[in-house]
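Q:
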Amino acid sequence: MTASTVPPMVRVRGVHKSYHDNTVLKGVDLDVAPGSVTVLIGPSGAGKSTLLRVINHLEKVDRGYVMVDGELIGHRRAGGRLHELRESEILKQRTNIGFVFQDFNLFANLTVLQNVAEAPISAQRRRPAEVYPMARELLDRVGLADKADEYPRRLSGGQQQRVAIARALALRPKLLLFDEPTSALDPELVGEVLAVMRSLADQGTTMVVVTHEMAFAREVADTVVFMADGAVVEQGPPDRLLVRPDHERTRSFLAKFL
Ligand code: ADP
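So in the working numbering the end of the sequence shown lands on 544, straight run, no missing numbers.
(1) Assuming contact is defined by CB atoms lying nearer than 7 Å, are VAL325 and ILE341 in contact in what I supplied?
(2) Between the alpha carbons of THR378 and GLU416, how many angstroms are there, rounded?
(3) Which runs of the beta strand (DSSP E) spanning at least 3 residues fall entirely within the stretch 469 to 494, listed in chain order?
(4) Could you pull the start and end residues of the beta strand (DSSP E) that ARG363 belongs to?
(5) Counting only runs that start and end within the stretch 379 to 455, where is the alpha helix (DSSP H) found for 4 or more residues in a row?
(6) Would you check if the distance between the CB atom of GLY444 and the CB atom of VAL479 is smaller than 7 Å?
(7) Between which two residues does the beta strand (DSSP E) holding ASP465 run?
(8) If you follow the beta strand (DSSP E) that LEU311 is part of, which residue opens it and which one closes it?
(9) Inspect the CB distances between the stretch 358 to 371 and the stretch 309 to 326 and report whether three or more fall short of 8 Å.
(10) Here's a check: name, in chain order, each residue in its chain whose Cβ is nearer than 8 Å to the Cβ of PHE393, leaving out the five neighbours to either side.
(11) Compute the distance between the beta-carbons of MET493 and LEU462, then report whether it is under 7 Å.
(12) So what's ARG297 in DSSP terms, helix, strand or just coil?
(13) Quick one: what does DSSP say VAL354 is sitting in, helix, strand or coil?
(14) Can you find a heavy atom of the ligand ADP that lies under 6 Å from the Cβ of SER304?
(15) Alpha carbons only, please: which of PHE543, LEU544, ASP525 and GLU520 is nearest the one belonging to GLU534?
(16) Closest to LEU316 by C-alpha separation, out of LYS460, LEU337, ALA456 and PHE390, would be which residue?
(17) Around the C-beta of LYS542, are 16 or more other C-beta atoms found within 10 angstroms, so that it is buried, or is it exposed?
(18) If you measure from the CB of GLY333, is any heavy atom of the ligand ADP nearer than 6 Å?
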């Protein structure tokens, strides 16, 4: 297959989402190629986080649809109609998609190793004898092999976020979503998290990342998507979009980072 005919890992079509009378997504279309890194940028309130959350069905769409790896998210097509999936089916779909939150969301009462091993055992019903060695390997990959038996509160924010990344990887996801993964970190800890994300990108992990780290977008993204007011304003490779944007809106947003 040529590049243009490879089916996307993520296909978002005509997605609308409102909270009461606040329309947050106004007909968003997006394709994410397998093995690519897509960075979503835009002003606060643009709908970036909501878009990530509809991709793994933490939020329901009001209109439109999301497909991940050819599978409709949250719905099943039967007899020419869409039917909502049951909660258990949604949870199963969600295990194919890793999500890394701004504030880590680790389980405080579990050790680092247990945090990484928990979902594969409880949600994917994999054997602990297989999961624990894998969890140790993942901790090694994010540079935290020596912290396996610590509790999260004893770790720095950067270390906790690296544990959260290992935990997301433990589900062997098809796709990793990151929602401002470095925004809650002290500046000196941002680099270690971005370095782990960069190495995942180098290994061909499909990633969608909401971030204000423009250097990361420039160096790691295949596609940068600029959103404003619930819509995609424009998208393109970073050396075009970040340097010669087509829209004034994009230009004035980027000017704040110079
Ligand atoms: P961004 O990530 O670009 O900053 P968000 O997707 O977080 O934007 O938010 C877009 C808009 O949706 C904002 O106006 C925000 O207040 C609103 N919003 C987001 N989540 C909720 C929610 N759970 N309930 C009500 N409003 C929400």
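The beta carbon of each residue, even a glycine, is placed where N, CA and C say it ideally should be.
A: By the coordinates alone:
(1) Between VAL325 and ILE341, the C-beta gap is not smaller than 7 Å, which leaves the two residues out of contact.
(2) One detail in the question is off: residue 378 reads as Lys in this sequence, not Thr. Computed Cα separation, rounded: 20 Å.
(3) Correct list: empty.
(4) 361 to 364
(5) Runs of the alpha helix (DSSP H) inside the stretch 379 to 455: 398 to 408, 414 to 427 and 443 to 455.
(6) Going by C-beta atoms, GLY444 is nearer than 7 Å to VAL479.
(7) For ASP465, the enclosing beta strand (DSSP E) covers residues 461 to 465.
(8) 308 to 318
(9) no
(10) GLN400, ASN401, GLU404 and PRO438
(11) yes
(12) Three-state result, ARG297: strand.
(13) strand
(14) no
(15) Nearest C-alpha to GLU534: GLU520.
(16) LEU337
(17) exposed
(18) In this structure, the ligand ADP has a non-hydrogen atom nearer than 6 Å to the beta-carbon of GLY333.
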